[in-house]
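The listed protein sequences derive, respectively, from chains A and B.
Heads up, the first sequence is in our numbering, so the first residue is 13 and it goes up one at a time.
Heads up, the second sequence is in our numbering, so the first residue is 6 and it goes up one at a time.
C-beta: ideal position from N, C-alpha, C; glycine also.
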Amino acid sequence: MDILTILIIIPTLTVLALIFAKGQKSYRTISAVGMGIQTVYSIYLLTRYLTERAEAGGETMLFRRTVEWFKPWNINYEIGVDGISVAMIILTAIITLTGVFVSWRVKELPKEFFVSLIVLSTGVFGFFISLDLFTMFLFYELAVIPMYLLIGIWGSGPREYAAMKLTLMLMGASALLLVGILGLYFHSPMVEGHHTFSMMAIAQAPMEHMDQLFFFPFVFVGFAVLGAMFPFHTWSPDGHASAPTAVSMLHAGVLMKMGGYGVFRVALLLMPTAAHEIGWIFMILAGGGILYGAFGALRQTDLKYINAYSSVSHLALVLFALLLMDVVSWSGSVLQMISHGLITALFFALIGMVYERTHTRDVTKMGGLLKIIPFIGMMYVMVGMASLGLPGMSGFAAELAIFVGAFQHSGTLERVLTIMAVLSIVVTAVYILRVVGKMLMGPVTNEAFKQMDKARWYEKTAAIILLACIIGIGVAPGGLYKLINESVTPLIELIQKGAL
Amino acid sequence: MNWSYTIWIPLLPFLSFVINGVLYNRLPKKLSGVIGTSALGVAALLSYLTAGRYFFGTTSAEGYQPILAWQSTWMHITDKLAIDMGVYLDPISIMMLVVVTTISFLVHLYSVGYMSEEEGRNRYFAWLGLFSFSMLGLVLAPNLVQTYMFWELVGVSSFLLIGYYYDKPSAVRAALKAFIVTRFADVFFLIGILLYSYYSGSFKFEDLNNIAAIQAANSSIPVFMGLSALTWGLMLIFVGGAGKSAMFPLHIWLPDAMEGPTPVSALIHAATMVVAGVYLVARLFPAFHGSDDGFALHVVAVVGTFSSLFAAIIAMTQMDIKRVLAFSTMSQIGYMMMGLGVSGYGEEGLGYTASMFHLFTHAAFKALLFLGAGAIIHAVHSNSLKDMGGLRKYMPMTNITFLIACLAISGVPPFAGFFSKDMILEAAYEHNKLIYFTGYITAGLTAFYMFRIYFMAFWGRNRDYDHKPHDPVWSMKIPLIVLAAGSVVLGLLPFNEWVTSDLRPLHIHFDMMMAAASVGIGVIGIITAYLLYRKPSDAPDKISHSLGFVYKTVKNKFYMDELYLGIMREVILKRIAAPVAWFDRHIVDGTMNLIGNTTVGLSKGIKRIQSGDFQVYAFGILIAVIFFVVLFNYFIPTI
Chain A
13 MDILTILIII
23 PTLTVLALIF
33 AKGQKSYRTI
43 SAVGMGIQTV
53 YSIYLLTRYL
63 TERAEAGGET
73 MLFRRTVEWF
83 KPWNINYEIG
93 VDGISVAMII
103 LTAIITLTGV
113 FVSWRVKELP
123 KEFFVSLIVL
133 STGVFGFFIS
143 LDLFTMFLFY
153 ELAVIPMYLL
163 IGIWGSGPRE
173 YAAMKLTLML
183 MGASALLLVG
193 ILGLYFHSPM
203 VEGHHTFSMM
213 AIAQAPMEHM
223 DQLFFFPFVF
233 VGFAVLGAMF
243 PFHTWSPDGH
253 ASAPTAVSML
263 HAGVLMKMGG
273 YGVFRVALLL
283 MPTAAHEIGW
293 IFMILAGGGI
303 LYGAFGALRQ
313 TDLKYINAYS
323 SVSHLALVLF
333 ALLLMDVVSW
343 SGSVLQMISH
353 GLITALFFAL
363 IGMVYERTHT
373 RDVTKMGGLL
383 KIIPFIGMMY
393 VMVGMASLGL
403 PGMSGFAAEL
413 AIFVGAFQHS
423 GTLERVLTIM
433 AVLSIVVTAV
443 YILRVVGKML
453 MGPVTNEAFK
463 QMDKARWYEK
473 TAAIILLACI
483 IGIGVAPGGL
493 YKLINESVTP
503 LIELIQKGAL
Chain B
6 MNWSYTIWIP
16 LLPFLSFVIN
26 GVLYNRLPKK
36 LSGVIGTSAL
46 GVAALLSYLT
56 AGRYFFGTTS
66 AEGYQPILAW
76 QSTWMHITDK
86 LAIDMGVYLD
96 PISIMMLVVV
106 TTISFLVHLY
116 SVGYMSEEEG
126 RNRYFAWLGL
136 FSFSMLGLVL
146 APNLVQTYMF
156 WELVGVSSFL
166 LIGYYYDKPS
176 AVRAALKAFI
186 VTRFADVFFL
196 IGILLYSYYS
206 GSFKFEDLNN
216 IAAIQAANSS
226 IPVFMGLSAL
236 TWGLMLIFVG
246 GAGKSAMFPL
256 HIWLPDAMEG
266 PTPVSALIHA
276 ATMVVAGVYL
286 VARLFPAFHG
296 SDDGFALHVV
306 AVVGTFSSLF
316 AAIIAMTQMD
326 IKRVLAFSTM
336 SQIGYMMMGL
346 GVSGYGEEGL
356 GYTASMFHLF
366 THAAFKALLF
376 LGAGAIIHAV
386 HSNSLKDMGG
396 LRKYMPMTNI
406 TFLIACLAIS
416 GVPPFAGFFS
426 KDMILEAAYE
436 HNKLIYFTGY
446 ITAGLTAFYM
456 FRIYFMAFWG
466 RNRDYDHKPH
476 DPVWSMKIPL
486 IVLAAGSVVL
496 GLLPFNEWVT
506 SDLRPLHIHF
516 DMMMAAASVG
526 IGVIGIITAY
536 LLYRKPSDAP
546 DKISHSLGFV
556 YKTVKNKFYM
566 DELYLGIMRE
576 VILKRIAAPV
586 AWFDRHIVDG
596 TMNLIGNTTV
606 GLSKGIKRIQ
616 SGDFQVYAFG
626 ILIAVIFFVV
636 LFNYFIPTI
């Protein structure tokens, strides 16, 4: 069995076990064990990757394997990873695991809930190891469909509207994406008499200039919708607000990262000329989106809306950095994806915990919670600090790398957008502290709140795992940065060779 | 010589933070203070050891040399722009080590008594440890990114400590205000770092300060509005410094920060964190001095001088003892900025040495003032000067130490403040007469408002207190005595031998006339305060009444708070955030919903056509046939 396929097999086996299992408690235990194994395995994958990397030399992708799947169209199950995918895989495993912990007390249809959740994560794992566009697309769809069910069945508020909106917008994006992928396919080099979906092959021989210009927007927008780029972000606040906690965590933590990852792997790497030429249009959208999302968050009073807009802002920074097309910005961008994944997952987890106790997400109706639920409150303060880029937390390292990278571009557009991006961190501080001040500090506004339960062990476990990762990366980002940087450098070199 | 032990100076407070923070509820209440105090005690001893070894052990004809005592990789963004965490020892960082560990130790000790009744003492000592760690990390930074990182961390610890009484709405507001205002300034600091390091190609201080090398490496540094990008970078960095050091117009958070416990005000908002801006300018002094003939330095001087006068004027009218001290702090930091701003380099670096000297002595007497004020507040349970009076009889020890501090800050010889303040004025006189004159006036105002609170609290009207006020417990007395002793003798230290702009000893001469003049204005201030406040009288009220509008404006701090609040509410929330939110819900999301609704609407319309009614279908086919016949026969005849 090859090392990467096991990443698909573990969750599949977990799903099978869930289907045959009986009893309320066994579902969550099976899910937690399965995802625990997955997390440990993905960390093992990292160690294997590091040892092999040292020996591999110039090869960009490791553990490559190709299994023929549909010969007539040359569709293959082609897999392989570099440092970036390994980091994303670990992120996914951790967030799924903590998501299971947070859902420990799901009451409605627990079996179906955990099955959907883990099927979703399977799609994500598959997405991150794929090197074949078709396979990648398939896994992507595998992740999106359970999302609809999860929001529609286990969600809250106007959940059907939100689920429908989210799914339709993502499906619309998929349609664009499919056009782009087919475009890439029909302009790809011939392999054994057929076109190919293999990203490795396409990257070696990119399309003609005009074709790139035509197909780039399809692929970029297709993925950017998933990454909630302005003006295609409105599914995100509504979707998050209605989604159950674990789904919000996975969605903002991982699924939205698939957008950034897809932009990077497919749009930018396979169509670099177009990215250089018309990337600026999207750069304006992304750069503007950073401040736009931040100001959007400033006026919201629903905790999930605040965090959804905050995610719009932070992911816009990711896309902006990706479009700058240099080693430092790209490394920073990937770092930011990981950092934001952890931070936002913890945010949503905590919001879920607060909501479970107060039965409201309206900040103005809360007050003084720090005194009643000190653990959750303190965690919220810390993750808030991480989100506003406090040094010692992962967000700062990522943002610093992006800003340093962005400052190496002395063009006026880049300078202006970079400075706007830096200015956004004040706005971030304002909306985060507003929540901290209103919700956690001050006198207790509602007598009923005084009877709240303290955090339970599974809630603490989830929060501590995520916070430990955030602080770990923040205190010593050097190793992770190096892992990403070493994978990014050859890619940039490849692009520059192509450009010359 | 081996210096690697110095890493323990910041790590010990960090350990105190971790132990108090993680064990939070499980730790016996008494133990948290003991852990914090002893950690800082050891750190202080290590700092003295380091100072002794450095200042007496490493002198050479070349002057002092900076030492990189410890280093660890943090993140290598590129090979050139590598960021390492480290411990950088040079005269100013060692001076700050001594200041921070000493004051922090004394404040820890004082807090053991002051906070003994508080519920959340473990939290309090945890935050104090975090603050001390961050502040030490800041002063020891060998590069600008480390400075920035710890700069933010001290901001957070300050936020947490101001908001220590987090169920009190005014404390929460003050904490948020402090964080957001300084954060706003820090963004410019960050942009400044990015801009400056883009040209210098490094974050390390020795590279940043080497202006000649930077200019040689970049053939064309862009010029914007007559100033080079380097100068702009430095001025942006100074905005960050001005935010943290509460310089006009970014000072509005400091008076409100007095909502925190008083020992915190003494440590953070008087002696250490608020002078970080001064330290930052001093750290980059060669760059400030070298870029565009020191234009940025001139900005520093003007901002410092103005802030100093501005704060002194407001301080005369405040009735809250801690707020008077807060404005006094702002004014004295303005002095330090002024000293740096008027300074030259090398042999002309009198202002630099004077500024650092003043930072050093100020830490002692201002911390003493705050701790004394804390003892008073503890005794009378109020911050307001109206609730005080005649305290000298009840609190003799506090009276004497407070008086010493007041004499020191007023520049009366032989107390510490006299030497440092006189040196700053001398440097200002050489540089610019207007700056000197403003500083001179400020010195008089300072003496007046300090003795105003002294007389109001300790003399003035005798009152009947519900609980008889008394001197504090020993753990609070010891810091008062130590700091009072410091305020007396520290002025005699040969600072010009140790802390200079080019690390070589500086020759200074003592100008008798200047000294006499500045003592003179101080004495005038003291006498005025004596006449007005020594005995209860209605003269002060009459004077303020006769000033009417002017007095009201000053008392309301020139309405700066209202201005900021107005900008925040009216402009940012109402004119920017609200329209963005509206646009997002109605235009962007509206468009998306419109697309969805149109699709649904269309499908409904189409659905009606597909009714299953055969006659309608037949009619449709007939129409279509006619249409195509007409089309092909008359309009497209070629086919």
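Give every residue of the same chain whose Cβ lies closer than 8 angstroms to the Cβ of B:Tyr556, excluding the five residues on either side of it in the sequence, and list them in chain order. Here residue 556 of chain B is taken as the residue at index 551 of the second sequence, counted from 1. The answer, listed in chain order, is Thr322, Ser549, His550.
According to DSSP, what are the bridge partners of B:Tyr93? By 1-based counting over the second sequence, the position of residue 93 of chain B is 88. Looking at the DSSP assignment, B:Tyr93 forms a beta bridge with B:Leu73.
Checking contacts by CB at 8 angstroms: is B:Ile196 closer than that to chain E? The question asks about chain E, but that chain is absent: this structure's protein chains are A and B.
If you measure between the beta carbons of B:Lys327 and B:Met263, is that distance less than 8 angstroms? Residue 327 of chain B sits at position 322 when you count from the first residue of the second sequence. Residue 263 of chain B sits at position 258 when you count from the first residue of the second sequence. The Cβ-Cβ distance between B:Lys327 and B:Met263 falls below 8 angstroms.
Output yes if chain A places a C-beta closer than 8 angstroms to the C-beta of B:Lys85; else output no. Taking the first residue of the second sequence as position 1, residue 85 of chain B is located at position 80. With 8 angstroms as the cut-off, B:Lys85 does not count as an interface residue toward chain A.
Where are the beta strand (DSSP E) runs, 3 residues long or more, that stay fully inside the segment 193–235 of chain B, in chain order? Assignment of beta strand (DSSP E) within the segment 193–235 of chain B, counting only whole runs of 3 or more residues, yields no such run.
Rounding to the nearest angstrom, what Cα-Cα distance links A:Met446 and A:Ala253 in this structure? On the first sequence, position 434 is the one that residue 446 of chain A refers to. On the first sequence, position 241 is the one that residue 253 of chain A refers to. In the sequence on display, residue 446 of chain A carries Arg and not Met. A:Arg446 and A:Ala253 have their alpha carbons spaced roughly 19 angstroms apart.
Give, in chain order, every unbroken run of the alpha helix (DSSP H) that is at least 4 residues long and sits entirely within the segment 125–183 of chain A. 145–166, all fully within the segment 125–183 of chain A.
Just to confirm my understanding: we take B:Ala384, look at its own chain, exclude 5 residues before and 5 after, and list those with CB closer than 6 angstroms. What are they? Numbered from 1 along the second sequence, position 379 holds the residue referred to as residue 384 of chain B. Around B:Ala384: Pro474.
Rounded to the nearest angstrom, how far is the Cβ of B:Thr403 from that of B:Ile381, given a contact under 8 angstroms? Counting from one through the second sequence, the residue named residue 403 of chain B turns up at place 398. Counting from one through the second sequence, the residue named residue 381 of chain B turns up at place 376. Contact flag correct, Cβ pair sits at about 7 angstroms.
Report the rounded CA-to-CA distance for A:Leu512 versus A:Phe226, giving the unit in angstroms. Along the first sequence, read from residue 1 onward, the residue named residue 512 of chain A stands at position 500. Along the first sequence, read from residue 1 onward, the residue named residue 226 of chain A stands at position 214. Residue placement at A:Leu512 cannot be trusted, given a pLDDT of 47 that sits under 50; the coordinates are not used to answer.
Alpha-carbon spacing of B:Gly377 relative to B:Phe407, whole angstroms: Numbered from 1 along the second sequence, position 372 holds the residue referred to as residue 377 of chain B. Numbered from 1 along the second sequence, position 402 holds the residue referred to as residue 407 of chain B. B:Gly377 and B:Phe407 have their C-alpha atoms spaced approximately 6 angstroms apart.
Below 8 angstroms between beta carbons: does that hold for B:Tyr441 and B:Ala448? By 1-based counting over the second sequence, the position of residue 441 of chain B is 436. By 1-based counting over the second sequence, the position of residue 448 of chain B is 443. Cβ distance not < 8 angstroms, so B:Tyr441 and B:Ala448 don't count as in contact.
When burial is assigned at 16 or more other CB atoms within 10 Å of the CB, is B:Gly282 buried or exposed? Residue 282 of chain B sits at position 277 when you count from the first residue of the second sequence. With 16 or more Cβ atoms within 10 Å of its Cβ, B:Gly282 is classed as buried.
Tell me, please, which residues DSSP counts as bridged to B:Thr406. Against the second sequence, residue 406 of chain B aligns to sequence position 401. DSSP lists no partner for B:Thr406.
For chain B, is any of its Cβ atoms less than 8 angstroms away from the one on A:Glu505? Sequence index remark: in the first sequence, residue 505 of chain A carries index 493 (1-based). Closer than 8 angstroms: no.
Compare the C-beta of B:Asp261 with all C-beta atoms of chain A and state if any pair is closer than 8 angstroms. By 1-based counting over the second sequence, the position of residue 261 of chain B is 256. Chain A places no beta carbon closer than 8 angstroms to that of B:Asp261, leaving this residue out of the contacts.
Within chain A, partners of B:His81 - CB distance below 9 angstroms: Locating residue 81 of chain B in the second sequence gives position 76, where the first residue counts as 1. Within 9 angstroms Cβ-Cβ: Gly490, Tyr493, Lys494, Asn497.
Suppose the cutoff is 7 angstroms on Cβ atoms and the five residues either side in sequence are ignored; what does the same chain contact list for A:Leu334 look like? As a position in the first sequence, residue 334 of chain A is number 322, starting the count at 1. If you ignore the 5 residues before and after A:Leu334, its C-beta comes within less than 7 angstroms of the C-beta of Gly272, Val275, Phe276, Leu280, Trp342, Ser345, all in its own chain and listed in chain order.
Boundaries (first-last residue) of the beta strand (DSSP E) holding A:Thr457: Residue 457 of chain A sits at position 445 when you count from the first residue of the first sequence. In this chain, A:Thr457 is not harboured by any beta strand (DSSP E), its DSSP state being neither H nor E.
Report yes or no: do three or more beta-carbon pairs, one from the segment 315–325 of chain A and one from the segment 355–375 of chain A, lie closer than 8 angstroms? Segments in contact, yes.
Rounded distance between the beta-carbons of B:Gly496 and B:Phe420, thought under 8 angstroms: Taking the second sequence and counting its residues from 1, the one referred to as residue 420 of chain B is at position 415. Taking the second sequence and counting its residues from 1, the one referred to as residue 496 of chain B is at position 491. Between B:Gly496 and B:Phe420 the Cβ distance is about 7 angstroms, and since that is below 8 angstroms, they are a contact.
A:Thr41 versus A:Phe75, A:Tyr61, A:Phe113, residue with shortest Cα-Cα distance: Numbered from 1 along the first sequence, position 29 holds the residue referred to as residue 41 of chain A. Closest by alpha carbon: A:Phe113.
Quick check on this structure: which residue in A:Ile130, A:Leu28, A:Glu289, A:Leu143 has the alpha carbon closest to the alpha carbon of A:Met73? Numbered from its first residue, the first sequence carries residue 73 of chain A at position 61. Out of A:Ile130, A:Leu28, A:Glu289, A:Leu143, A:Leu143 has the C-alpha closest to the C-alpha of A:Met73.
Can you tell me whether A:Tyr304 is helix, strand or coil according to DSSP? Here residue 304 of chain A refers to the residue found at position 292 of the first sequence. Here A:Tyr304 sits in helix by DSSP.
Can you pull the chain B neighbours of A:Leu445, defined as C-beta to C-beta under 7 angstroms? The sequence position of residue 445 of chain A within the first sequence is 433, counting from 1. Chain B residues near A:Leu445: Leu181, Phe184, Ile185.
Show which residues of chain B have a CB atom less than 8 angstroms away from the CB atom of A:Met181. As a working mapping, residue 181 of chain A is identified with position 169 in the first sequence. Chain B residues near A:Met181: Met597.
Top-ranked residue by Cα proximity to B:Phe453, from B:Gly527, B:Asp469, B:Leu498, B:Pro477: Working through the second sequence from its first residue, we reach residue 453 of chain B at position 448. Among B:Gly527, B:Asp469, B:Leu498, B:Pro477, the Cα nearest to that of B:Phe453 is on B:Gly527.
Spatially closest choice to A:Phe75 from A:Leu161, A:Gly239, A:Arg117, A:Arg60, by CA coordinates: In the first sequence, the residue the question calls residue 75 of chain A occupies position 63. The candidate whose alpha carbon is nearest that of A:Phe75 is A:Arg60.
Short check: CB of B:Leu272 to CB of B:Val112, under 8 angstroms? For the purposes of this step, residue 272 of chain B is taken as the residue at position 267 of the second sequence. For the purposes of this step, residue 112 of chain B is taken as the residue at position 107 of the second sequence. For the pair B:Leu272 and B:Val112, the CB atoms are nearer than the 8 angstroms cut-off.
Please list, in chain order, the residues of the segment 442–475 of chain A that have any C-beta partner in chain B closer than 7 angstroms. Flagged, chain order: Val442, Leu445, Gly449, Met453, Gly454, Pro455.
In this structure, how does DSSP classify B:Leu141 when only helix, strand and coil are distinguished? Taking the second sequence and counting its residues from 1, the one referred to as residue 141 of chain B is at position 136. Three-state DSSP puts B:Leu141 in a helix.
Can you check which of these residues, B:Met101, B:Gly125, B:Leu102, B:Phe130, is closest to B:Tyr115 by C-alpha distance? Numbered from 1 along the second sequence, position 110 holds the residue referred to as residue 115 of chain B. Comparing Cα-Cα distances from B:Tyr115 to each of B:Met101, B:Gly125, B:Leu102, B:Phe130, the minimum goes to B:Phe130.
Does any CB atom of chain A fall closer than 8 angstroms to the CB of B:Ala582? Your numbering for residue 582 of chain B matches position 577 in the second sequence. Closer than 8 angstroms: yes.
Flag B:Met154 as yes if its beta-carbon sits less than 8 angstroms from any beta-carbon of chain A, otherwise no. Reading the second sequence from its first residue, position 149 is the one you call residue 154 of chain B. At least one chain A Cβ lies under 8 angstroms of B:Met154.
Keeping to the same chain, check which residues put their C-beta closer than 7 angstroms to that of A:Gly169; ignore five residues upstream and five downstream. Translated into the one-based positions of the first sequence, residue 169 of chain A becomes position 157. These residues qualify, in order along the chain: Ala253, Ser254.
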